[in-house]
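Colleague: Dropping a structure here in structure tokens format, bear with me for questions.
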Amino acid sequence: MKREELVVDAIALYGSQARRDADNLSDIDMVVVDADVTALAHAKAALSTRGVSCATYTWRRLQRMSFRGSLFIEHLRREALIIRDNNNSLRSFLEAFRPRGDYLADVDATKRTLALTSRTSDMRASLGWAYDVLAVAVRNLGVLELANRGQYVFAYHDILAALKDDGSISYADAHNLEILRRLKALYRGGHYEQLPGRGVLESMQRTVSRCFKTDFDSKTIHPFALAEDMLVH
Numbered sequence: 000m001k002r003e004e005l006v007v008d009a010i011a012l013y014g015s016q017a018r019r020d021a022d023n024l025s026d027i028d029m030v031v032v033d034a035d036v037t038a039l040a041h042a043k044a045a046l047s048t049r050g051v052s053c054a055t056y057t058w059r060r061l062q063r064m065s066f067r068g069s070l071f072i073e074h075l076r077r078e079a080l081i082i083r084d085n086n087n088s089l090r091s092f093l094e095a096f097r098p099r100g101d102y103l104a105d106v107d108a109t110k111r112t113l114a115l116t117s118r119t120s121d122m123r124a125s126l127g128w129a130y131d132v133l134a135v136a137v138r139n140l141g142v143l144e145l146a147n148r149g150q151y152v153f154a155y156h157d158i159l160a161a162l163k164d165d166g167s168i169s170y171a172d173a174h175n176l177e178i179l180r181r182l183k184a185l186y187r188g189g190h191y192e193q194l195p196g197r198g199v200l201e202s203m204q205r206t207v208s209r210c211f212k213t214d215f216d217s218k219t220i221h222p223f224a225l226a227e228d229m230l231v232h
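Set out below in structure tokens:
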């Protein structure tokens with residue numbers, strides 16, 4: 000990779016590759032930070048062509064997220080492997096961060112997104128999108144619920160293990176929620192023909208409803224519930 004392709008302030012690897020627990024479903028996750036949105040767009044394009052899932056942020060946006068106590072920043076603080084950091088800015092920013100005392104409002108906003116999965120057609124691509132939304136919501140709900148108890152866990156498998164250990168979910172439910180992660184990967188890989196039909200989706204919805212004490216009939220979806228800044232990542 001040419002040096003000039005990534006002229007940005009900070010780059011860090013995070014997620015399963017940083018934890019060294021990646022499997023065949025794992026992405027290569029990197030975060031790039033700079034004040035210049037054009038530089039960020041260029042870096043994202045360069046990394047994406049190499050199979051990297053790239054999250055880009057301006058410093059101002061990260062500061063807003065920090066003010067809200069975003070658990071994505073806590074994720075980076077605990078797990079990121081910093082590759083580049085001009086003036087030690089990213090490291091200093093992460094070291095200064097402290098999570099909020101509770102994330103109850105975030106839990107509620109995430110639960111409201113689940114209603115979207117009941118509004119899909121029977122086309123495989125549409126069902127796949129619903130599996131994707133469910134899998135992301137399960138991970139975010141797990142991270143948020145555990146954070147409310149003072150536990151900061153970010154790997155999908157570890158989240159389910161922690162919820163099993165404290166009795167929040169059963170072993171059978173944890174197994175079904177692991178399947179959701181594979182269905183999300185099939186959808187994102189474009190393997191729509193391998194996705195199961197509505198019967199499995201409804202079964203997964205019942206599992207999620209049981210595990211996180213919610214339903215899929217919410218009439219109002221929080222306007223910011225799907226905004227990237229709200230997501231745990």
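First residue of the sequence shown: 0, per numbering that gives the first Met the number 0; consecutive thereafter.
Note that beta-carbon positions come from the ideal geometry of N, C-alpha and C, so glycine has one too.
Note that the structure is predicted; figures quoted are calculated from it, not measured.
#1: Please go through the stretch 45–88 and give each complete alpha helix (DSSP H) segment of 4 or more residues, from N-terminal end onward.
#2: Mind reading off the beta-carbon distance from Val106 to Glu144? Whole number of angstroms is fine, and I expect it under 8 Å.
#3: Taking C-beta to C-beta, are Leu5 and Ala40 nearer than 7 Å?
#4: Apply the 10 Å Cβ neighbour rule to Tyr170 and answer buried if 16 or more other Cβ atoms are within range, or exposed otherwise.
#5: Taking just the CA atoms, how far does Glu192 sit from Met229?
#6: Pick out whichever of Tyr13, Ala108, Val132, Gly189 has its Cα sitting closest to the Cα of Ser117.
#7: Does DSSP put Tyr13 in a helix, a strand or coil?
#8: Assuming contact is defined by CB atoms lying nearer than 7 Å, are Ser243 and Asp28 in contact in what I supplied?
#9: Since Ser88 and Ala9 should fall inside the 8 Å C-beta cutoff, what is the C-beta to C-beta distance between them, to a whole number of angstroms?
#10: Considering Cα atoms alone, identify which of Arg99, Gln62, Ala17 is closest to Ser91.
#11: Relative to the alpha-carbon of Arg148, which residue among Met64, Tyr102, Thr37, Ala11 has its alpha-carbon at the smallest distance?
#12: Is the Cβ-Cβ distance between Leu140 and Phe215 less than 7 Å?
#13: Would you kindly work out how many angstroms separate the C-alpha atoms of Gln150 and Leu185, rounded to a whole number?
#14: Could you tell me the distance, in whole angstroms, from the CA atom of Val142 to the CA atom of Asn23?
#15: What does the alpha-carbon distance come out to for the pair Ser47 and Val7?
#16: Counting only the same chain and skipping the five closest in sequence on each side, list residues whose C-beta sits under 7 Å from that of Glu227.
#17: What is the rounded straight-line gap between the Cα of Val32 and the Cα of Tyr56?
#18: For Ala129, does the three-state DSSP call read helix, strand or coil?
#19: Taking Ala154 and Asp20 to be in contact with their CB atoms under 8 Å, please state how far apart those CB atoms are, rounded to whole angstroms.
Modeller: The short version:
#1: Fully enclosed alpha helix (DSSP H) runs of 4 or longer: 58–66, 70–78.
#2: Here residue 106 is taken as the residue at index 107 of the sequence shown, counted from 1. Here residue 144 is taken as the residue at index 145 of the sequence shown, counted from 1. So it is a contact: roughly 7 Å between Cβ atoms.
#3: For the purposes of this step, residue 5 is taken as the residue at position 6 of the sequence shown. For the purposes of this step, residue 40 is taken as the residue at position 41 of the sequence shown. Note that the C-beta distance between Leu5 and Ala40 is not below 7 Å.
#4: Here residue 170 corresponds to residue number 171 of the sequence shown, with the count starting at 1. Counting Cβ neighbours within 10 Å, Tyr170 comes out exposed, since fewer than 16 surround it.
#5: Counted from its first residue, the sequence shown places residue 229 at position 230. Counted from its first residue, the sequence shown places residue 192 at position 193. The predicted position of Met229 is uncertain, since its pLDDT is 47 and thus under 50; no value can be drawn from it.
#6: Locating residue 117 in the sequence shown gives position 118, where the first residue counts as 1. Closest in alpha carbon position to Ser117, among Tyr13, Ala108, Val132, Gly189, is Val132.
#7: Sequence index remark: in the sequence shown, residue 13 carries index 14 (1-based). Reduced to three states, the DSSP call for Tyr13 is strand.
#8: Because the chain spans 0 through 232 in this model, residue 243 falls outside it and cannot be assessed.
#9: By one-based count along the sequence shown, residue 88 stands at place 89. By one-based count along the sequence shown, residue 9 stands at place 10. Indeed, because the Cβ distance is near 6 Å, the residues count as touching under 8 Å.
#10: Within the sequence shown, residue 91 is the residue found at index 92, counting from 1. Distance check between Ser91 and each of Arg99, Gln62, Ala17 places Gln62 closest, using alpha-carbon atoms only.
#11: Translated into positions along the sequence shown, residue 148 becomes position 149. The residue with the shortest Cα to Cα distance from Arg148 is Tyr102.
#12: Counted from its first residue, the sequence shown places residue 140 at position 141. Counted from its first residue, the sequence shown places residue 215 at position 216. Cβ atoms of Leu140 and Phe215: not closer than 7 Å.
#13: Along the sequence shown, read from residue 1 onward, the residue named residue 150 stands at position 151. Along the sequence shown, read from residue 1 onward, the residue named residue 185 stands at position 186. Looking at the backbone, the Cα of Gln150 and that of Leu185 are separated by about 30 Å.
#14: Indexing the sequence shown from 1 puts residue 142 at position 143. Indexing the sequence shown from 1 puts residue 23 at position 24. So the two alpha carbons sit approximately 22 Å from each other.
#15: Here residue 47 is taken as the residue at index 48 of the sequence shown, counted from 1. Here residue 7 is taken as the residue at index 8 of the sequence shown, counted from 1. Rounded to whole angstroms, the separation of the alpha carbons of Val7 and Ser47 is 16 Å.
#16: Translated into the one-based positions of the sequence shown, residue 227 becomes position 228. With a pLDDT of 46 at Glu227, under the threshold of 50, the modelled position of that residue is not reliable, and the figure given next carries that caveat. No residues qualify anywhere along the chain.
#17: Residue mapping note: residue 32 aligns to position 33 of the sequence shown, counting from 1. Residue mapping note: residue 56 aligns to position 57 of the sequence shown, counting from 1. So the two alpha carbons sit approximately 5 Å from each other.
#18: Here residue 129 refers to the residue found at position 130 of the sequence shown. Here Ala129 sits in helix by DSSP.
#19: Here residue 154 corresponds to residue number 155 of the sequence shown, with the count starting at 1. Here residue 20 corresponds to residue number 21 of the sequence shown, with the count starting at 1. The Cβ separation is near 6 Å, so the contact holds.
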